[in-house]
Amino acid sequence: MRPFLLVPGMLAISLACFAAKPTSGQTIRVAVDLTDAPRNIFHSSLSLPATAGEMILVYPKWIPGNHRPSGPIANVTGLHFKSGDQELEWHRDPIEMYSFHVTVPPGTKEIQATFDLISADSAGGGGLAASSNLLDLNWNQVVLYPDGAASDAVEIAASVRLPEGWKYGTALTTSHAAGNELTFNPVSLTTLVDSPLIAGAHYRQIELVPAGEIPSHVIDLVAESDAELQMTPADIAAYRKLVMEADALFGAHHYLQYHFLYTLSDDVGHHGVEHHQSSDNSVAGRTLLDPKLHFLEADLLPHEFTHSWNGKYRRPADLATRNYQQPMIGDLLWVYEGLTDYLGRVLTARSGLRTLDEARDVLAFTAAMLDHRAGRTWRPLEDTGLSVQTLRMLGPQWENWRRGLDYYPEGDLIWLEVDTIIRKQTRGRRSLDDFCRRFHGGDSGRPTVVPYTFDDIVRELNAVAPYEWAALLKERVKATSQHAPLGGIENGGWRLIYNDKPNAFMSALESESKGVDLAYSLGILVNKESQLVDVIPGSPAYEAGLGPGMKLLAVNHRKWSSELLKQALRGAQASRQPIELIVQNSEFFKTYTIPYFEGEKIPHLEKVGGQPDFLSDILKSKTASAPKP
Ligand SMILES: [Zn+2]
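Residue numbers for the sequence shown follow this note's numbering, beginning at 223 and rising by one.
Quick look at the structure:
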């Protein structure tokens with residue numbers, strides 16, 4: 223194990239060379255005082271090259287990985303601009319809230335900008351970015367840069383002051399470290415924003431490849447206590463295998479080192495955000511200790527790791543923007559996120575983080591959920607990607623009718639279909655793995671972006687296995703449909719069925735959320751506060767008049783519980799008597815009678831006899847089973 227970066231001079235091996243080379247020749251310095259992180263204030267001080275006259279400085283707005291204008295501008299507070307001791311006048315652009323016009327006096331070569339960031343929006347995912355014991359710094363939240371500049375062309379020299387005794391992880395390299403003060407090698411603004419930093423009082427680093435192997439792969443963990451950092455030997459082996467499986471899948475890598483930044487805490491926001499050389503993952507504090515949470519979150523790190531190839535290296539042209547003020551267009555998010563979701567879950571199974579049975583239960587749940595999306599009759603999948611700006615932070619009410627960020631889960635079905643068609647067309651000689659090696663592989667080396675279009679995807683698929691790919695993919699993403707695309711499951715040798723046996727993934731979800739999911743039978747999802755979270759249009763509950771937001775009080779005249787509701791479904795199946803629900807809608811109470819007699823309907827995959835089991839072939843490990851210690 224390599225001790226981490228608090229020894230001055232250590233790891234001064236400069237990786238600055240892999241930053242896109244800035245061309246302006248003028249460096250912005252940013253110093254971030256993080257010692258107030260426990261009360262969620264980050265203090266930022268910038269020195270910016272300046273010339274006399276009106277200068278427009280901008281705060282990053284369109285954030286990579288968020289795909290939307292999520293830069294937390296409303297949390298920028300205490301803003302001042304100065305030239306030496308002289309306070310400078312500024313005003314915000316009345317239309318563009320992220321732009322500041324500063325009046326720079328004659329003879330000025332450099333100005334200072336200082337502000338505090340209220341760190342209440344962790345990585346754009348909602349929730350706090352810091353707690354008493356840890357923090358997550360996303361540099362886009364603490365910088366300003368000249369309006370119009372390309373982020374590759376802006377050089378930044380960054381430094382931080384951490385709370386006393388905290389240790390940290392980041393893909394940035396330090397040029398100097400003294401106590402809790404760290405100075406990083408200058409990088410482009412692109413690389414800085416692509417390199418978040420986590421730090422905490424409780425920190426651990428786990429090496430995933432043998433000492434000295436290039437590139438290094440590590441997990442940096444921070445948590446609220448040492449107990450929550452305890453990763454099992456089986457998990458460590460699985461994450462080591464994940465690195466091997468990704469290498470086997472893509473055949474090349476586009477980073478010089480990789481850091482899984484992993485925050486375990488109930489006190490901060492939860493998210494996963496991808497970067498070229500790291501990923502910023504934040505989950506509940508007990509995720510490593512609680513088997514159900516562990517199962518639910520098992521594909522997080524594989525998903526974000528996959529993004530280093532699919533999303534960061536290969537990126538839709540409309541998401542590969544010049545700087546953080548240029549709008550992003552999400553029409554290819556079914557590739558950026560959808561293919562990542564598929565490959566991430568495949569790698570989760572191949573690395574042993576989920577068993578084949580568990581992987582099938584996850585897929586059955588995904589397929590059933592999408593097959594009951596009433597919104598698919600009016601909204602094409604592509605529109606869910608184009609609408610990410612408006613859809614991402616919405617609540618679950620009527621989500622099945624509106625559709626949510628379906629380009630993630632529906633990507634699982636579409637890319638499984640593509641994978642199985644390639645296997646069928648080539649009689650098992652080729653697969654989507656061959657596409658990945660062509661599309662995401664190439665030469666290993668420093669981070670770089672290779673943009674693509676829809677036509678590039680089609681051309682590369684045809685090179686692996688000729689087929690009507692353009693027509694198929696347009697049908698999948700641009701057309702509306704009554705049902706989810708289940709062809710991949712069927713080509714894979716399985717079919718989606720419903721019965722009354724538990725689905726491990728749904729059971730884990732219900733256990734953690736303390737709610738109940740009866741979406742495929744009665745047509746309701748109920749949370750632990752007894753509220754109907756959503757009602758599926760066309761379902762028995764919908765036809766009876768129920769809607770999200772109403773509160774379930776009683777089932778067949780008895781105080782409701784999840785188990786009682788499930789008993790009532792079974793009872794009605796036997797007795798053929800309607801189920802009666804007493805429901806509160808704000809101040810009013812009403813009894814709803816639901817004539818539903820088909821019992822529980824829990825999704826599963828069932829093997830179809832006599833067909834090749836491509837699905838299991840896809841999910842099986844492709845590397846030697848024992849990763850090197
Ligand atoms: Zn993603």
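Virtual Cβ for every residue (Gly too), placed ideally from N, Cα, C.
In this text, all values refer to a predicted model and were calculated from it rather than measured experimentally.
Within 10 angstroms of the beta-carbon of Ile436 lie fewer than 16 other beta-carbons, which makes it exposed. If you look at Glu311, you'll find it isn't in any alpha helix (DSSP H); DSSP assigns it neither H nor E. When C-beta atoms of the region 761-772 are compared with those of the region 814-829, three or more pairs fall below 8 Å, so the two segments count as touching.
Put simply, of Ser752, Ile295 and Leu791 the residue whose alpha carbon is nearest the alpha carbon of Lys773 is Ser752. At least one heavy atom of ligand 1 lies closer than 8 Å to the C-beta of Glu526.
Contact between Val699 and Pro602 holds, with the beta-carbon distance rounding to 6 Å and staying under 8 Å. Cβ contact annotation for Ile636 (same chain, cutoff 7 Å, sequence separation greater than five): Trp556, Gly560, Arg698 and Pro707, in chain order. Val495 is positioned such that its CB atom lies closer than 9 Å to that of Ala345. In the three-state scheme derived from DSSP, where H, G and I count as helix and E and B as strand, Val490 is classed as coil. Secondary structure of Pro408 (DSSP, three-state): coil. Not one heavy atom of ligand 1 lies closer than 8 Å to the C-beta of Glu519. Annotation: the continuous beta strand (DSSP E) that includes Asn721 extends over Trp716 to Asn721. For Glu318, the closest alpha carbon among the candidates Leu419, Tyr281 and Leu554 is that of Tyr281. If you draw a straight line from the Cα of His529 to the Cα of His498, it comes to about 8 Å. Looking at the DSSP output, Arg290 shares a beta bridge with Ile285.
Around the CB of His302, fewer than 16 other CB atoms lie within 10 Å, so the residue is classed as exposed. Look at Tyr630: its beta carbon is less than 8 Å from one of the heavy atoms in ligand 1. Here the C-alpha atom of Thr648 lies approximately 24 Å from the C-alpha atom of Ala474.
Counting only runs of at least 3 residues, the region 369-426 fully encloses the following beta strand (DSSP E) elements, listed from N- to C-terminal order: 377-383, 389-392, 396-400, 403-406 and 419-422. Val680: member of the alpha helix (DSSP H) spanning Phe676 to Val686, first to last residue. The beta carbon of Asp756 lies closer than 7 Å to those of Pro618, Gln619, Trp620, Glu621, Asn622, Leu747 and Pro770 in the same chain, with the five residues before and after it left out.
Residues Pro282, Ile285, Gly293, Val415 and Tyr546 of the same chain have their beta carbon placed closer than 7 Å to that of Asn362, with the five preceding and five following residues left out of the count.
Note: Tyr558 is not bridge-paired with any residue in the DSSP secondary-structure output. Val610 sits close to Arg290, with the two beta carbons spaced by under 9 Å. Thr392 has its Cβ no nearer than 8 Å to any heavy atom of ligand 1.
If you draw a straight line from the Cα of Ala445 to the Cα of Leu451, it is about 6 Å long.
Taking Ala379 as reference, the option from Gly347, Thr249, Tyr674 and Gln806 with the minimal CA-CA separation is Thr249. For His594, the CB contacts under 7 Å within the same chain, skipping 5 residues up- and downstream, are Asn622, Ala741, Tyr742 and Ile758 in chain order. In chain order, Val757, Ile758, Ser761, Pro762, Ala763 and Tyr764 place their CB closer than 7 Å to the CB of Gly745, counting only its own chain and leaving out the 5 sequence neighbours on each side. For Trp782, the number of other beta carbons within 10 angstroms of its own is at least 16, and it is reported as buried. DSSP places Glu690 outside both helix and strand once states are collapsed to three, so it counts as coil. Residue side-chain check: Thr562 places its Cβ nearer than 8 Å to a non-hydrogen atom of ligand 1.
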